[in-house]
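Residue numbers for the sequence shown follow full-length UniProt numbering, so the first one is 1 and each next one is one higher.
So the structure is just underneath, and the comments pick up after that.
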Amino acid sequence: MSPEQHNTVKLDGNQRRYCDVWSYGICLWEMISCRIPFDTLSEEQLIRHIGNNCWNSNLENPYPFFRIVQRFEDVKEEMDQ
């Protein structure tokens, strides 16, 4: 899923198309490289990245709690594997 799709702002047709292209590109990259994005980051680096997103100084674009919870659940799941 493209980063833009995580926003609460509704996307128009062209923006959705660009998101689809971005997602397709990521899928191609994963197949060609046989890797997942950010696989070189440690759990600590991933958690730090999540925390940095929480400290967004733009009050009009806060990092929503449901995304924070989801990111931590993803990190925990990866650590359990």
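For each residue, glycine too, the CB sits at the ideal point set by N, CA and C.
Look at the Cβ atom of residue i, then the Cβ atom of residue j, and state whether they are nearer than 7 angstroms.
{"i": "cysteine 50", "j": "arginine 71", "result": "Note that residue 50 corresponds to isoleucine in the displayed sequence, not to cysteine. Contact flag set, yes."}
If we ignore side chains and look at the alpha-carbon of each, how far apart do residue i and residue j end up?
{"i": "glutamine 81", "j": "threonine 40", "result": "16 angstroms"}
{"i": "phenylalanine 66", "j": "isoleucine 32", "result": "32 angstroms"}
* Asked: Given 8 angstroms as the limit, is there contact between the region 41-51 and the region 17-31, that is, 3 or more CB pairs closer than that?
  -> no
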